[in-house]
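Contents: one structure, followed by commentary.
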């Protein structure tokens, strides 16, 4: 279903390089298993119990976790293999419950000759830097091919010893079962002589030198196709789960279902679980740029930035066209066209928009060069010929430079003209209706102004717009105001009434009002208190000592 | 009035004279076929070896004449102070401090270069036009587009040829011929692509002016690279050669296909009755 989500929760199996198979089956177990890889040399020997001391086998069940020893490098292993006393902790681990009987079984069957090839790094003097040693032990070639489990049969080894080993391992895993399966770990096989198994935990991070330098992940077409199939299948499953019809299950339904099934309190919407069509998730990528015979499709392919340079080429061609047209007009002694495209309400594409259009990364210089070329094209007298081409790279700026529209007068049932206005100040919000042919009566929230605003200062504020326009006793006002305090409510009503009065008054007087500051929203709000200070500006008392 | 100063020949020892231009490879020599896309043997025998029998199979000589070169101002070089030492063999003389390029040699070199280009185009090679002269950038790109080849008249990123597999992706095919219509870059130094092409074993054809270094260029063409007329002439010549060679290749392919169909039909007359599907 929502594989993306599930895969995030569980172990990321694909990261572990050569060990997808064994781990893949284990990661789907409900119990958290963290035993990672298993490596066996085909020519490995487990010593027979009769001849050698008990094998150094590490069982990685959770119980034995405490008794685990740190891993050792092959060199140390090589150095230490001649120790007479095996580690007591390992022995202790071996004596715990679990897969002991199968191990005995393992001992009897796996009496293999020592390997013919010398193990690398064992007892050999190589003039290599020490870092090689550390990374070498993590490399796959020291860990020979992985044996798969029953679910995912691994690569078949040619040697009979490995096959026997594989069979034994499978038996062991089956016996171990899903719950807390103890995997037999192989101790290091170091050098000729008695072979011991060793656990090696590797990740691709240890192999690859510089993962980040390989660039963004590239998705093949087959991969994207598969993702789309999985998405469609998952969509149907989700519809079934929600009890809806799979045929008419839209993207909004999917979003709602996912929000219901995976509720998340994360603030960032992009961090929440989502299930979208793969084309929305995987960024659009360039397909292979050349055909079967190896010849690239685009004639500017070898420049590296074919879309950008082809764009420059085309734009320059338009410029040459315009110049030719101008020359023709000049030859015929006709004046060049005077109409100019109005650039006021439009802007050029931003760099990101251009990058999206071209599907290529641009530098700032490239972008500025392109815009300069476009501007040169537009500035030319006959630039209007290529208007269609220029339109592709310009966008309208909406609403910024539009003139404020003054609403016309409205008329109520009695035929009295009135106009409404809205205003705010601090946290107060006021709406006002100013009626013509009035006597100067003002009602605020159904209460007379004298009762609502007992203080003279507030009433003066309310009066100011009318006083400014010499219309003191000529209008009635009905206001509703909420929020804020006494003074801010008064200011809000003042602004609302000034806005309403614009409809009654000439444009010149509106301009006078604007210059007087009657039509401007007062931006002053209470400044927040900062930590380390007593108030917004007041600092704590400074004491010399 | 004083007689106008004549063209003063450059004094150079016999050693600095260019060696006699070698004959193009004889009928026996076979050029290696381009890229990892070899033809089948049956086609390769006739198709690829046929043009190699003649020194001027595509008859590129008829495309230009001495008069064309002269009227396009190809013979005009830079001033005496800008002269490059290795260009002295190609210079006819110096008049009023301006170098004059020897058009006889230019004719020979141009014929060789055009012949080579034609052979590369015949064998479906990738040809890359390079010029860092801003004045002719558009012209060169248009020429390349019209003859179905490639152009690079922009800033040259360092690893385009030498680091191609990382910059373009694995499996990219490099150009089989690079044609320099101006072999200097914007700071009057030799273009990096000359050296890189030599590193990658890519043959080069280049128009070398009197201030250029002709050393690493496989087929240099001594000539003017600054006049619009000269550049238009070069572009026209290269375009005509390439189109001519490609057309001829198409004709030969069709011919060979028909021929092999006939041969396949004639060789097995018995099968015809049974409706043999062999081509």
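Chains as they are written, first to last, in full-length UniProt numbering: chain A, 1 to 545; chain B, 1 to 279.
Think of the CB as a built atom: it goes at the ideal place given N, C-alpha and C, for glycine as much as any other residue.
Treat the numbers as computed from the prediction; the structure is a model and nothing was measured.
Cβ of residue 546 (chain A) within 8 Å of Cβ of residue 289 (chain A)?
-> Residue 546 (chain A) cannot be examined here, being either before or after the span of chain A that is shown, 1 to 545.
With residue 98 (chain B) as the anchor, note down where its alpha helix (DSSP H) starts and where it stops.
-> Element bounds for residue 98 (chain B): not the alpha helix (DSSP H) but the beta strand (DSSP E), 98-101.
Where residue 152 (chain B) meets chain A, residues with beta-carbon distance less than 8 Å | 300, 302 and 303
Ignoring anything shorter than 3 residues or poking outside the stretch 120-173 of chain B, list the beta strand (DSSP E) runs there in chain order.
-> 127-131 and 150-152
First and last residue of the uninterrupted alpha helix (DSSP H) at residue 51 (chain B) = First-last for residue 51 (chain B): undefined, no H or E at that position.
Kindly indicate which three-state DSSP category residue 239 (chain B) falls into: helix, strand or coil?
-> helix
Do residue 504 (chain A) and residue 419 (chain A) have their C-beta atoms within less than 8 Å of each other?
-> yes
Bridge-paired residues (DSSP) for residue 180 (chain B) = B:130 and B:206
Interface flag, residue 421 (chain A) vs chain B, CB-CB below 8 Å = no
For residue 295 (chain A), decide whether its Cβ has a neighbour in chain B, counting only Cβ atoms nearer than 8 Å.
-> yes
Measure the alpha-carbon distance for residue 233 (chain B) versus residue 252 (chain B) and round it to whole angstroms.
-> 29 Å
Counting contacts by CB-CB distance shorter than 8 Å, is residue 114 (chain B) in contact with chain A?
-> no
Integer-rounded CB distance, given that residue 405 (chain A) should sit under 8 Å from residue 436 (chain A) | The Cβ separation is near 20 Å, so there is no contact.
Helix, strand or coil for residue 396 (chain A) per DSSP?
-> strand
Should residue 116 (chain B) and residue 205 (chain B) be called a contact, given that it needs their Cβ atoms to be closer than 8 Å?
-> yes
With 8 Å as the threshold, decide whether the Cβ of residue 325 (chain A) is near any Cβ in chain B.
-> no
Rounded to whole angstroms, what's the CA-CA distance from residue 156 (chain B) to residue 380 (chain A)? Just pull it up for me.
-> 31 Å
Any chance the stretch 172-191 of chain B sits against the stretch 323-334 of chain A, with 3 or more Cβ pairs inside 8 Å?
-> no
Tell me which same chain residues have a C-beta within less than 6 Å of the C-beta of residue 421 (chain A), skipping the five on either side of it?
-> 432, 496, 499 and 500
Contact list for the stretch 358-387 of chain A against chain B, Cβ threshold 8 Å = none
Using 10 angstroms around the beta-carbon of residue 121 (chain B), count the other beta-carbons present and answer buried if the total reaches 16, otherwise exposed.
-> buried
Residues that residue 144 (chain B) contacts on chain A, provided the C-beta gap is smaller than 9 Å | 299 and 300
Just the C-alpha distance for residue 69 (chain B) and residue 215 (chain B), rounded to the nearest angstrom, thanks.
-> 23 Å
Report the partner residues of residue 425 (chain A) according to the DSSP bridge assignment.
-> A:428 and A:522
By Cβ distance, which residues of its chain are closer than 6 Å to residue 424 (chain A), with the 5 residues on each side in sequence left out?
-> 492
Tell me the DSSP bridge mates of residue 290 (chain A)?
-> A:296
CB contact check: residue 221 (chain A) to chain B, cutoff 8 Å | no
Using 10 angstroms around the beta-carbon of residue 147 (chain B), count the other beta-carbons present and answer buried if the total reaches 16, otherwise exposed.
-> buried
Does the beta carbon of residue 57 (chain A) come closer than 8 Å to any beta carbon on chain B?
-> With a pLDDT of only 43 at residue 57 (chain A), under 50, the local geometry of the prediction cannot be trusted, and the value read off the model is given with reservation. Residue 57 (chain A) does not count as touching chain B.
Does residue 138 (chain B) have its Cβ less than 8 Å from a Cβ in chain A?
-> yes
Are the C-beta atoms of residue 167 (chain B) and some chain A residue less than 8 Å apart?
-> yes
Start-to-end residues for the alpha helix (DSSP H) that takes in residue 194 (chain B) = 192-199
Sort B:230, B:119, B:163 and B:180 by Cα distance to residue 144 (chain B) and report the nearest one.
-> B:180
Say whether chain B places a C-beta atom closer than 8 Å to the C-beta of residue 355 (chain A).
-> no
Would you mind sorting residue 230 (chain B) into buried or exposed? The rule is 16 or more other CB atoms within 10 Å of its CB.
-> buried
Test: residue 160 (chain B) CB closer than 8 Å to a CB of chain A | yes
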